[in-house]
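Novice:
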DNA sequence: TTCACAATTGTGACCGTGCACATGCGAGCA
DNA sequence: TGCTCGCATGTGCACGGTCACAATTGTGAA
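Chains as they are written, first to last, in the UniProt record's numbering: chain A, 1 to 348; chain B, 1 to 348.
Structure representation (structure tokens):
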């Protein structure tokens with residue numbers, strides 16, 4: 001009864017079919033949950049599959065159906081907490097839906113590197129893209145290459161039509177800024193992220209809007225690179241002229257670097273200077289003092305991104321609804337404006 | 001001259017062949033850099049490819065050649081800095097060599113989740129695997145499933161034959177511990193990682209070896225979960241009996257949480273207690289005080305992992321040589337044993 | 001010119017799966 | 001009994017590459 005099996009090659013549906021005494025097409029039907037198959041036949045085929053340790057060949061399937069069931073993620077190179085976390089969430093959601101995920105990390109930010117990474121993903125015939133490196137130049141390349149594939153981008157600025165989603169960065173920045181204003185601060189400095197990142201730009205915008213609303217003035221924000229090291233150096237620079245009582249940093253890493261500089265200068269936080277960050281990375285609650293910051297649910301963002309992408313790909317009818325709300329987490333790094341600063345109010 | 005092009009489907013080598021007036025096989029030869037092709041023919045074909053925006057179909061290629069040119073990465077779920085960084089390095093190296101990378105994040109640590117993730121990768125017909133979740137149970141599953149694919153694991157304990165590589169964790173832990181001993185500390189506590197992680201186990205082993213070498217005794221290490229939160233709570237617990245002058249934490253996050261607890265208790269670091277971490281994550285140099293820790297080059301580790309995997313896959317002859325050396329980075333969180341502790345030496 | 005031989009190009013089958021289109025078979029009904 | 005209809009299954013080809021082998025062209029020496 002037992003025909004001989006292929007020895008050097010993986011079993012195919014035809015091998016399964018032969019052993020089960022059916023045609024390859026019937027086996028294919030089992031694989032695709034076709035409704036009209038006799039239960040006994042199906043059971044027999046499933047059993048043979050089990051015996052043979054049969055595993056469908058995705059390449060063949062992709063070739064035949066013209067669908068790769070793969071999505072691509074384009075991320076910025078640095079191992080930042082937020083993006084990483086979102087990537088993990090996307091992968092998880094995708095896997096659950098039977099999709100494969102291909103990731104490409106952006107080495108540099110030059111157009112060639114971006115194009116390289118994109119080409120790599122397109123070579124894999126991805127059916128959709130998630131962009132987690134929402135830098136302007138990435139969109140430039142996307143438009144120039146005239147990508148035929150739907151994509152979503154983890155951003156909230158609404159600049160690039162509706163395919164943008166994430167926690168509302170502007171709102172988060174406004175909340176952080178308002179918090180400092182409510183504490184009595186009038187001289188607030190913004191330590192911004194790289195402005196070619198939509199997120200950085202949005203956070204700065206939120207900050208400026210709120211400053212404006214309160215009829216305050218501020219220095220031109222310092223443009224950083226997201227890193228703790230930069231936060232440290234920016235802090236040293238800022239301390240050369242101490243005409244501020246609070247700093248809103250565009251992310252937690254820079255805020256932590258800033259705290260370091262303040263400690264070096266023997267300044268008290270929040271006694272002399274208040275600091276607020278953005279993102280709420282896990283160590284933010286354990287800095288000294290614990291960092292007041294704006295929390296984002298990166299897992300939810302990732303899940304929402306994938307759900308939205310599925311919609312864009314026409315693979316899902318349910319349009320994910322609620323945008324993700326940022327949340328202010330008040331900890332020890334922010335406090336009332338120091339008394340010594342109060343007289344200065346007259347200046348404005 | 002111009003034949004009509006397919007409208008709804010991507011151009012294939014046959015389309016290119018037709019327009020270039022050659023056979024499909026000649027086009028294939030161009031794609032595979034076959035030596036004997038007339039230069040003029042090749043140029044003509046390349047030009048047609050350009051015009052048609054031709055892109056080779058990876059699925060078809062994989063099916064035909066029986067090779068997917070894809071490797072899989074199995075990582076632990078949490079968005080930790082080190083693993084993330086290594087993943088990025090692996091992806092980069094792989095892309096450079098024309099490989100695709102499929103990642104699977106381990107949601108939970110239960111065998112079912114592990115098997116799930118592995119199955120997912122195997123479904124993609126990966127040609128090799130990198131395991132960045134070196135937990136014992138992962139290896140259990142690997143062995144049970146009798147994986148037919150070569151794999152390497154980012155670990156250094158040498159427990160699972162030669163396919164293990166990373167910075168030498170034992171050595172790193174010994175360096176950290178020796179550093180504290182050299183500073184005069186005699187009562188050193190280890191805040192360990194989860195012991196089903198090989199790395200955590202190796203770091204604990206290094207610690208115990210060095211303690212033993214110095215003829216010291218120590219409490220049983222506290223078994224943590226890598227998180228800053230745990231470090232904080234462990235610190236609170238430790239402070240209930242203050243019979244130690246230094247703590248070696250198995251990673252930086254836990255060390256930072258510990259610092260937080262020490263600050264809460266108004267203890268001075270390193271005046272009252274010295275703290276040493278492991279990994280040298282970017283914020284480690286900006287904690288207060290800046291954290292003494294053991295630096296690992298995660299990028300190099302990732303590159304080495306991929307190179308080794310290529311070797312295992314028989315795709316490369318050059319065996320990568322040097323293991324990666326950990327490096328002690330002394331910062332402000334470690335200092336001489338406090339005078340108040342010196343008399344206690346008599347106790348031992 | 002002719003032949004051997006290398007360089008270049010073409011032909012047809014095959015990889016594993018899914019689709020379109022038969023075909024077989026049994027139930028229900030007149 | 002014959003017919004229709006729907007379920008269950010089979011047949012052959014297409015998908016877009018690569019491989020083995022055949023065929024053609026070009027080159028240099030006899």
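Backbone N, C-alpha and C define an ideal beta-carbon position, used for all residues, glycine too.
1. Which whole runs of the alpha helix (DSSP H) in the stretch 245-299 of chain B are 4 residues long or more, in chain order?
2. Please report the distance separating the alpha-carbon of residue 185 of chain B from that of residue 274 of chain B.
3. Let me make sure I understand the geometry here. Which of B:272, B:233, B:290 and B:117 has the alpha-carbon closest to that of residue 259 of chain A?
4. Can the beta-carbon of residue 204 of chain B be found less than 8 Å from the beta-carbon of residue 214 of chain B?
5. What are the residues of the stretch 79-95 of chain A that lie near chain B, defined by any Cβ-Cβ distance shorter than 7 Å?
6. Just how far apart, CA to CA, sit residue 293 of chain B and residue 75 of chain A?
7. Residues of chain A with a CB under 7 Å from the CB of residue 257 of chain B: which are they?
8. Hey, does residue 55 of chain A have any beta-carbon neighbour from chain B nearer than 8 Å?
9. Just to confirm, is the Cβ distance from residue 167 of chain A to residue 325 of chain A under 8 Å?
10. Just by C-beta distance, which residues in the stretch 28-44 of chain A are closer than 8 Å to chain B?
11. Would you check if the stretch 301-308 of chain A and the stretch 140-147 of chain A touch, i.e. whether three or more CB-CB distances between them fall below 8 Å?
12. With three or more beta-carbon pairs closer than 8 Å as the criterion, would you say the stretch 39-53 of chain B touches the stretch 46-62 of chain A?
13. Residues of the stretch 226-246 of chain B with a CB closer than 8 Å to any CB of chain A: list them in chain order, please.
14. Between which two residues does the beta strand (DSSP E) carrying residue 151 of chain A extend?
15. When the Cα atoms are used, what is the spatial distance from residue 336 of chain B to residue 183 of chain B?
16. Quick check: what's the CA-CA separation for residue 102 of chain A versus residue 323 of chain B?
17. Take the Cβ of residue 72 of chain A as the centre, count every other Cβ of all protein chains shown within 10 Å, and call the residue buried at 16 or more, exposed below.
18. Quick one: which chain A residues come within Cβ less than 7 Å of residue 105 of chain B?
19. Since residue 43 of chain A is in the alpha helix (DSSP H), which residue starts that stretch and which ends it?
20. Grouping DSSP H, G and I as helix and E and B as strand, with all else coil, what is residue 219 of chain B?
21. Starting from the N-terminal side, write out each stretch of the beta strand (DSSP E) that is 3 residues or longer and does not extend beyond the stretch 175-219 of chain B.
22. I'd like the list of long-range same chain contacts for residue 246 of chain A, defined as Cβ closer than 6 Å, with 5 residues on each side in sequence excluded.
23. Under 8 Å between the Cβ atoms of residue 127 of chain A and residue 70 of chain A?
24. Could you check whether residue 106 of chain A and residue 113 of chain A sit closer than 8 Å to each other, using their CB atoms as the reference points?
25. Give the range of the beta strand (DSSP E) segment to which residue 66 of chain A is assigned.
26. Are the beta-carbon atoms of residue 30 of chain B and residue 54 of chain B separated by less than 8 Å?
27. Is it the case that the Cβ atoms of residue 80 of chain A and residue 226 of chain A are separated by a distance below 8 Å?
28. Less than 8 Å between CB atoms is the rule here; does residue 100 of chain A satisfy it with respect to chain B?
29. Quick check on the burial criterion: 16 or more other C-beta atoms within 10 angstroms. Buried or exposed for residue 11 of chain B?
30. Taking just the CA atoms, how far does residue 129 of chain B sit from residue 33 of chain B?
31. Alpha carbon to alpha carbon, what distance is there between residue 27 of chain A and residue 56 of chain A?
32. Sorted by chain position, which residues of the same chain lie with C-beta nearer than 7 Å to residue 261 of chain A's C-beta, five sequence neighbours on each side aside?
33. Leaving aside the five residues before and after residue 265 of chain A along the sequence, list all residues of the same chain whose C-beta is less than 6 Å from its C-beta, in chain order.
34. Excluding sequence positions up to five away, which residues of its chain have a Cβ less than 7 Å from the Cβ of residue 300 of chain A?
35. From the DSSP output, which residues share a beta bridge with residue 73 of chain A?
36. Counting only the same chain and skipping the five closest in sequence on each side, list residues whose C-beta sits under 8 Å from that of residue 257 of chain B.
Specialist: Considering the structure as presented:
1. 252-264
2. Taking the first residue of the second chain as position 1, residue 185 of chain B is located at position 185. Taking the first residue of the second chain as position 1, residue 274 of chain B is located at position 274. Taking the straight line from one Cα to the other gives about 9 Å.
3. Taking the first chain and counting its residues from 1, the one referred to as residue 259 of chain A is at position 259. Nearest of B:272, B:233, B:290 and B:117 to residue 259 of chain A, Cα basis: B:290.
4. Here residue 204 of chain B refers to the residue found at position 204 of the second chain. Here residue 214 of chain B refers to the residue found at position 214 of the second chain. Taking 8 Å as the Cβ cut-off, residue 204 of chain B and residue 214 of chain B do not qualify as a contacting pair.
5. 79, 81, 84, 85, 88, 91, 92 and 95
6. In the second chain, residue 293 of chain B corresponds to position 293, counting from 1. In the first chain, residue 75 of chain A corresponds to position 75, counting from 1. Near 29 Å, if we compare the C-alpha coordinates of residue 75 of chain A and residue 293 of chain B.
7. In the second chain, counting from the first residue as 1, residue 257 of chain B sits at position 257. In chain order: 286.
8. Here the question's residue 55 of chain A lines up with position 55 in the first chain. Taking Cβ atoms only, chain B reaches closer than 8 Å to residue 55 of chain A, which makes this a yes.
9. Indexing the first chain from 1 puts residue 167 of chain A at position 167. Indexing the first chain from 1 puts residue 325 of chain A at position 325. Yes, the Cβ-Cβ distance between residue 167 of chain A and residue 325 of chain A is below 8 Å.
10. none
11. no
12. no
13. 227, 228, 229, 231 and 232
14. Position 151 of the first chain, counting from 1, holds the residue named residue 151 of chain A. Start and end: 151-154.
15. One-based indexing of the second chain puts residue 336 of chain B at position 336. One-based indexing of the second chain puts residue 183 of chain B at position 183. One C-alpha to the other measures close to 5 Å.
16. Start at 1 with the first residue of the first chain, and residue 102 of chain A comes out as number 102. Start at 1 with the first residue of the second chain, and residue 323 of chain B comes out as number 323. So the alpha carbons of these two residues sit roughly 29 Å apart.
17. Here residue 72 of chain A is taken as the residue at index 72 of the first chain, counted from 1. Answer is buried; the Cβ neighbour count reaches 16.
18. Walking along the second chain from the start, residue 105 of chain B turns up at place 105. Those within 7 Å of residue 105 of chain B in chain A are 88, 91 and 92.
19. Along the first chain, read from residue 1 onward, the residue named residue 43 of chain A stands at position 43. Element bounds for residue 43 of chain A: 39-52.
20. Reading the second chain from its first residue, position 219 is the one you call residue 219 of chain B. It is coil, neither helix nor strand.
21. 188-192
22. Position 246 of the first chain holds residue 246 of chain A. Same-chain partners within the cutoff: 180, 185, 188 and 274.
23. Walking along the first chain from the start, residue 127 of chain A turns up at place 127. Walking along the first chain from the start, residue 70 of chain A turns up at place 70. Result yes, Cβ atoms of residue 127 of chain A and residue 70 of chain A sit closer than 8 Å.
24. As a first step, residue 113 of chain A is located in the first chain; it is residue number 113 there, counting from the start. As a first step, residue 106 of chain A is located in the first chain; it is residue number 106 there, counting from the start. Yes, these two residues count as a Cβ contact at 8 Å.
25. For this step, residue 66 of chain A is matched to residue 66 along the first chain. Here residue 66 of chain A belongs to no beta strand (DSSP E), and DSSP marks it neither H nor E.
26. The residue given as residue 30 of chain B occupies position 30 in the second chain. The residue given as residue 54 of chain B occupies position 54 in the second chain. Result no, Cβ atoms of residue 30 of chain B and residue 54 of chain B do not sit closer than 8 Å.
27. Start at 1 with the first residue of the first chain, and residue 80 of chain A comes out as number 80. Start at 1 with the first residue of the first chain, and residue 226 of chain A comes out as number 226. Result yes, Cβ atoms of residue 80 of chain A and residue 226 of chain A sit closer than 8 Å.
28. Translated into the one-based positions of the first chain, residue 100 of chain A becomes position 100. At least one chain B Cβ lies under 8 Å of residue 100 of chain A.
29. Within the second chain, residue 11 of chain B is the residue found at index 11, counting from 1. Under this definition residue 11 of chain B is a buried residue.
30. Taking the second chain and counting its residues from 1, one reaches residue 33 of chain B at position 33. Taking the second chain and counting its residues from 1, one reaches residue 129 of chain B at position 129. Near 28 Å, if we compare the C-alpha coordinates of residue 129 of chain B and residue 33 of chain B.
31. For this step, residue 56 of chain A is matched to residue 56 along the first chain. For this step, residue 27 of chain A is matched to residue 27 along the first chain. Spanning the two alpha carbons is a distance of roughly 11 Å.
32. One-based indexing of the first chain puts residue 261 of chain A at position 261. Excluding residues within five positions, the ones whose Cβ falls inside 7 Å are 232, 235, 236 and 239.
33. Within the first chain, the letter at position 265 stands for residue 265 of chain A. Here the set comprises 239.
34. Start at 1 with the first residue of the first chain, and residue 300 of chain A comes out as number 300. Excluding sequence neighbours, residue 300 of chain A sits near 324.
35. On the first chain, position 73 is the one that residue 73 of chain A refers to. In DSSP, residue 73 of chain A forms a bridge with A:103 and A:130.
36. The residue you call residue 257 of chain B lines up with position 257 of the second chain. Cβ within range, chain order: 227, 228, 229, 230, 231, 232, 233, 234 and 235.
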